[in-house]
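Engineer: With our numbering as the guide, the letters of the sequence shown map in order to residues 3 to 325.
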Amino acid sequence: MDVPLELVGIEYLFLPGSVLSWVALGALTVTAGECLRRELGKPSAIVVSAGVLLAYIVMGNMSLAVALAAASVGALVWRRAGHRLVERSSRGAAGEILLVLGGYALYELARVHLESSYLAARGNALKVVDIEKELGLFFEADLQSLFLSWRPLVELATNYYQFGFLASVTAVVLWLFLADDDNYRLMRNSLGISCLLGVLAISLFPAAPPRLMAEFNIVDTTSLIGRQALFANEYASVPSLHVGWMALAGYCLGRSIGGTRGQMLKFLPGITMAITVIVTGNHWWLDAVIGTAFALGPALVAVHLTSETGGSLDEVAPPLPAS
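#1: Mind checking Asn63: buried by the 16 CB within 10 Å criterion, or exposed?
#2: Span of the alpha helix (DSSP H) holding Pro45?
#3: Please report the distance separating the alpha-carbon of Met61 from that of Ala95.
#4: Which word fits Ile204, buried or exposed, when buried means at least 16 other C-beta atoms lie within 10 angstroms of its C-beta?
#5: Between the region 289–305 and the region 195–202, do at least 3 Cβ pairs fall closer than 8 Å?
#6: In chain order, which beta strand (DSSP E) runs of at least 3 residues are fully inside the region 198–249?
#7: Is DSSP giving Leu145 helix, strand or coil here?
#8: Tell me, to the nearest whole angstrom, how far the beta carbon of Leu267 is from that of Ile259; I am working on the premise that it is less than 8 Å.
#9: Over what stretch of residues does the alpha helix (DSSP H) that includes His115 continue unbroken?
#10: Helix, strand or coil: which one does DSSP assign to Phe140?
#11: List the whole-angstrom C-beta distance separating Leu66 from Ala77, where the pair is believed to meet the contact cut-off of C-beta under 8 Å.
#12: Distance check for Gly125 and Gly166, CA to CA, integer angstroms please.
#13: Taking only three categories from DSSP, how would you classify Leu87?
#14: Taking the straight line between their C-alpha atoms, what separation do you get for Trp80 and Arg86?
#15: Between the alpha carbons of His306 and Ser192, how many angstroms are there, rounded?
#16: Alpha carbon to alpha carbon, what distance is there between Ser91 and Ala324?
#17: How would you write the range of the alpha helix (DSSP H) that Trp80 sits in, first residue to last?
#18: Once the 5 residues before and after Ala143 are set aside, which same chain residues still bring their CB inside 7 Å of it?
#19: If Ala122 sits next to Pro241, beta carbons under 8 Å apart, how far is it from one beta carbon to the other, in whole angstroms?
#20: Buried or exposed for Val10, going by 16 or more other Cβ atoms inside 10 Å?
#21: Taking the CB atoms as reference points, tell me whether Gly252 and Pro271 lie closer together than 7 Å.
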């Protein structure tokens, strides 16, 4: 059991509540750190290990630690199986990791400080609903009702939304960073563009999620299963970057893997998360479409430009200067 700590400016922090939890968290952190030390050097290992611990303190869940450890071990096994990993300098790798973490932190801070009033967010949410109704595709409540009678599915969807999302995206980013530089840079740059577009959308069009619109009888599944909500901005329904980032992660990983499995991976994560955000009451389906356009759109444009010119991704997603 985890122990919440209330601090000024931060609603909850978490610490492992048992010896077993401490041991598991320590083992995962050491595993990820040691594997990355061998591949990227000590600075990167320290940064990632600190990130694992910080993620647990904020989220109260080991999903991110498991994902990072799995990606790190996978890269080590990949190399020992005779495959090549991306060669990076120790300082360059650490700088790249700090860049990505810093960009994500700035995005989250911007989201928190852009929280609007409920009246404005409600009004914009009703505009979204009106568009869906005009299209004859207002189905969020009906889709959720199909799942509510299956409690295990509701719990799975809620945990996937809260914890599995960030863990999945982070694992894909780390794997591509270690094993496929072209697709890593494609994903990194697209994530950055989506953050900028997302902040702009939230500032101009704050919108309430379905779970805060009582008239539509859409349940907040987080409270339904008795779990603490971790929402940083209640009125950032548009866009759903949960869906956008998962669609982008699937696309970039699918390109990296190739073949039939790669083609399946290009679509599966985004579709799964789109269903998840609706079932949990966190987004309208139109949010998912916009989020996908913001995140996957830049990647598709970059790939199209390179195919049209016969060039490489270096032209549209250049590597950072070596350190």
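Glycine included, every Cβ here is placed at the ideal spot set by N, Cα and C.
Bear in mind the structure is a predicted one, so any value in this text is a computation, not a measurement.
Structural biologist: Per the coordinate set shown:
#1: Translated into the one-based positions of the sequence shown, residue 63 becomes position 61. The residue in question, Asn63, is buried, as its Cβ has 16 or more Cβ neighbours within 10 Å.
#2: Here residue 45 corresponds to residue number 43 of the sequence shown, with the count starting at 1. That run of the alpha helix (DSSP H) goes 44–61.
#3: Along the sequence shown, one-based indexing puts residue 61 at 59. Along the sequence shown, one-based indexing puts residue 95 at 93. The alpha-carbon atoms of Met61 and Ala95 are separated by roughly 26 Å.
#4: For this step, residue 204 is matched to residue 202 along the sequence shown. Around the beta-carbon of Ile204, 16 or more other beta-carbon atoms lie within 10 Å, marking it buried.
#5: Yes, the region 289–305 is in contact with the region 195–202.
#6: Within the region 198–249, complete beta strand (DSSP E) segments of at least 3 residues are not found at all.
#7: In the sequence shown, residue 145 corresponds to position 143, counting from 1. The three-state secondary structure of Leu145, taken from DSSP, is helix.
#8: In the sequence shown, residue 267 corresponds to position 265, counting from 1. In the sequence shown, residue 259 corresponds to position 257, counting from 1. At roughly 6 Å, the Cβ-Cβ gap stays under 8 Å, so Leu267 and Ile259 are in contact.
#9: The residue labelled residue 115 in the question sits at position 113 within the sequence shown. Residues 92–115.
#10: Along the sequence shown, read from residue 1 onward, the residue named residue 140 stands at position 138. When secondary structure is reduced to three states using DSSP, Phe140 falls in the coil class, being assigned neither helix nor strand.
#11: In the sequence shown, residue 66 corresponds to position 64, counting from 1. In the sequence shown, residue 77 corresponds to position 75, counting from 1. Incorrect: roughly 17 Å between the Cβ atoms, too far for contact.
#12: Residue 166 sits at position 164 when you count from the first residue of the sequence shown. Residue 125 sits at position 123 when you count from the first residue of the sequence shown. Near 31 Å, if we compare the C-alpha coordinates of Gly125 and Gly166.
#13: Here residue 87 refers to the residue found at position 85 when the sequence shown is read from its first residue. Secondary structure of Leu87 (DSSP, three-state): coil.
#14: As a working mapping, residue 80 is identified with position 78 in the sequence shown. As a working mapping, residue 86 is identified with position 84 in the sequence shown. Just so you know, the alpha carbons of Trp80 and Arg86 end up roughly 8 Å apart.
#15: In the sequence shown, the residue the question calls residue 306 occupies position 304. In the sequence shown, the residue the question calls residue 192 occupies position 190. Going from the Cα of His306 to the Cα of Ser192 covers about 14 Å.
#16: Walking along the sequence shown from the start, residue 324 turns up at place 322. Walking along the sequence shown from the start, residue 91 turns up at place 89. Residue confidence for Ala324 is low, a pLDDT of 47 falling below 50, so the modelled location carries little weight; the figure read from the coordinates is stated next. Our two residues, Ala324 and Ser91, have alpha carbons roughly 8 Å apart in a direct line.
#17: As a working mapping, residue 80 is identified with position 78 in the sequence shown. Secondary structure note for Trp80: its alpha helix (DSSP H) is the uninterrupted segment 65–82.
#18: Taking the sequence shown and counting its residues from 1, one reaches residue 143 at position 141. In the same chain as Ala143, and ignoring 5 residues on each side of it, the C-beta atoms closer than 7 Å to its own belong to Phe218, Asn219, Ile220, in chain order.
#19: On the sequence shown, position 120 is the one that residue 122 refers to. On the sequence shown, position 239 is the one that residue 241 refers to. Contact flag wrong, Cβ pair sits at about 17 Å.
#20: The count along the sequence shown starts at 1 and reaches residue 10 at position 8. For Val10, the predicted model reports a pLDDT of 34, less than 50, meaning its position is unreliable; a value from the coordinates is still stated below. By the 10 Å Cβ count, Val10 comes out exposed.
#21: The residue you call residue 252 lines up with position 250 of the sequence shown. The residue you call residue 271 lines up with position 269 of the sequence shown. Going by C-beta atoms, Gly252 is nearer than 7 Å to Pro271.
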